[in-house]
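All the letters of the sequence shown, read from the start, carry residue numbers 117 to 488 under our numbering.
Ideal Cβ positions, reconstructed from N, Cα and C, are used throughout, including at glycine.
This one's a predicted model, so the numbers in the text were calculated from it and none came from an experiment.
I have placed the structure first, in the form of structure tokens, so that the comments after it can refer back to it.
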Amino acid sequence: MTSQAQGLSKIPCLDLKGQHQQIKNEVFEVFEKVYEQTAFSGGPFVEAFEKKFAEYTGANYAVGVNNGTTALHLAMLVLGIGEGDEVIIPADTFIATAWGVSHAGATPVFVDCTADTWEIDVTKIEEKITSKTKAIAGVHLYGQPFDIDAVRAICDKHNLFLIEDAAQAQGARYKGKTVGTFGEMACFSFYPGKNLGACGEAGGITTNNEAYAKHLMSLRNHGSTVRYYHDEIGYNYRMGGLEGGSLQIKMKYLEGWNNRRREIAKRYLSEIKNPKVKMQHQPDWADSIFHLFVVTTENREEMMAFLNSKEIYPALHYPVPCHLQKAYAHLGYKTGDCPNAEYLAAHCLSLPMYAELTDEMVDRVIEAVNAY
Ligand SMILES: *Cc1c(COP(=O)(O)O)cnc(C)c1O
């Protein structure tokens, strides 16, 4: 009997439709306001979101931009990072962490992750520090904070900046405190698939430093604070009004959505008992928002095929670690340089994770993973 005959519905890794149907009326109302005010670029809807997001993260400032990659680029520029400089980042992250460094003209230096948390391996950072190192950009991978205090201690010892790549971690907490103010700056993505995603492309930077915030606001807007006067070479990295408006609405639901993900993750963590399947270790100090629920298994293709036969469709985050991407071939990394990140890339599988998964869908995922 085919699964269709059994009446099983497909469970994708991520489904954005449920969430957007729930809030459609509210979002369309704000879209109408943006339209009536023709506040399409920057403006009051972006500012209102920035204020809410700053409050949420506990930061003095939140500066909205057009995506998470440009957020990282501007953070590097504001810290004076450029040609000839090096920035340490984990090898297992979405590639955009490295783009932020490269777009500023600096060189990303990749560090392996640990074998169990898959976060940057703090014990392997210091051997990568040179006279050119200017900063460490840690990534809260899959929504779980990295060991911020340990990385901060290395930054302080070597006089380096700390940047949080919090693109996957809107609302995650480290030792009880929301991420976004641990580094000099924290960079967020509001890509639609993130826990907090705009109806469009968007990103932002949080900081407690007024000078940084002012510089970010100028750089995103053509290097200008007074219209048509340009103090330095700038960028057009502004956030759109429709994006700001939709984010403002979604802020109200973020904590609830994150908590539902936490609830689902708790079930996965306690009810998945298949010895062939390993989950991301959750240290006591990490309160993840489970942007993704990644597992590893020896024979990924076999597990994938098995889950697909049960109408469950995991995804891969990410199949190639940054240091082995073709784009960085010129840096001369080779297989074996970051063994844990390489293992993760070759064996990872992301189980369905989004707030609208029903309890029955979660049951089905758990049963299927255990039956594999
Ligand atoms: C999504 C993401 C980014 C980039 O964000 P965009 O909005 O897609 O440009 C950066 N870093 C990490 C870790 C991400 O997951």
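Paired residues, beta bridge with residue i - DSSP
i	result
G320	G180 and F304
V238	Partner(s): none; V238 has no beta bridge.
H331	DSSP, once it has assigned bridges, lists no residue as partnering H331.
P128	Y429
A251	V203 and F277
T209	Paired residues: none, contrary to the question.
S466	V410 and A431
Y290	K293 and A402
N337	N352
K394	T412
Member of the options whose CA lies at the smallest distance from the CA of residue i
i	options	result
S125	Y429, D453 and D237	Y429
D272	K293, G299 and E142	G299
E387	V481, V267, K167 and T223	V481
E242	S340, F422 and I270	I270
N415	H397, W373 and A462	A462
H407	F210, T230, Y328 and A175	F210
Y369	C129, Y328 and E142	E142
Y258	W234, L276 and E476	W234
V393	E379, I405, T413 and G313	T413
H439	K450, L432, T186 and Q284	K450
N88	V194, K366, M419 and A329	Past the boundaries of the shown model lies residue 88; the chain is included only from 117 to 488, so the question cannot be answered.
P435	H338, N424 and E417	E417
D237	K250, V255 and A220	V255
H446	A431, T223 and N325	T223
H433	G448, L423, G452 and V411	V411
Contact set for residue i: own chain, Cβ-Cβ below 7 Å, skip 5 residues either direction
i	result
K240	V227 and D228
A443	none
F409	A381, Y384, S466, L467 and M469
8 Å Cβ shell around residue i - same chain, five flanking residues per side excluded
i	result
G316	P308, G356, L358, E359 and S362
P437	A207, D208, F226, C454, A457, E458, L460 and A461
M117	Because the pLDDT at M117 is just 44, under 50, the model does not fix this residue reliably, and the point stays unresolved.
A231	N456 and Y459
Nonlocal neighbours in the same chain, by C-beta distance under 6 Å from residue i, ignoring five residues either side
i	result
A178	E166, F169, A170, G320 and T322
G158	R354
V225	E202, I204 and K244
P261	A288, Y290, V295 and A402
T341	S334
G216	L188, H189 and M192
V150	F161, G357, L358 and G361
I127	I428, P468 and M477
S119	With a pLDDT of only 48 at S119, under the threshold of 50, the placement of this residue in the model should not be trusted, and no figure is reported.
Reduced DSSP category for residue i - H, G, I as helix; E, B as strand; rest coil
i	result
R416	helix
Y351	coil
L432	coil
A487	helix
A121	With a pLDDT of 44 at A121, under the threshold of 50, the modelled position of this residue cannot be trusted; read the value that follows with caution. It is coil, neither helix nor strand.
R378	helix
G356	strand
V227	strand
D403	strand
H346	strand
K389	coil
Nearest-angstrom beta carbon gap, residue j and residue i [assumed within contact, 8 Å]
i	j	result
Q153	E472	Not confirmed; about 31 Å, so no contact.
T297	G174	6 Å
L103	A251	Residue 103 is absent from the model: the chain starts at 117 and stops at 488.
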